[in-house]
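Each residue of the sequence shown is one higher than the last, beginning at 207 in our numbering. Even for Gly, the Cβ is constructed at its ideal location relative to N, Cα and C. Computed from a predicted model, the values in this text were never measured in an experiment. This report refers to the structure that appears directly beneath it.
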Amino acid sequence: MKIKLIFGLILLGLVAVVALQNAEIVTVQFLLWQFSLPRALMILGSMGVGLIAGLIFGTFSRGRSRVAK
């Protein structure tokens, strides 16, 4: 458990460093919307969405394996 925490903190630090080095403004087109935001915000937002999706799918798969046993 402690190794996962350390690995997660290191990964978060690396993502933060990369995000801070990408401060320029980019235009994002998503379906019918178009907006401009800093690339760092886009990187951190993508990481957040991936983290939440991983937690949700991990919880569901863990629950299924417990029910199957």
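Item: Going by the CB atoms, is the gap between Ile231 and Pro244 shorter than 8 angstroms?; Value: yes
Item: Alpha carbon to alpha carbon, what distance is there between Val221 and Gln235?; Value: 23 angstroms
Item: Quick check on the DSSP output: the alpha helix (DSSP H) that includes Leu237 runs from which residue to which?; Value: Where Leu237 is concerned, there is no enclosing alpha helix (DSSP H), given that its DSSP letter is neither H nor E.
Item: In chain order, what residues of the same chain lie with their CB nearer than 7 angstroms to the CB of Trp239, ignoring the 5 residues before and after it?; Value: none
Item: Let's see if you can read the secondary structure: which residues bound the alpha helix (DSSP H) around Ala229?; Value: First-last for Ala229: undefined, no H or E at that position.
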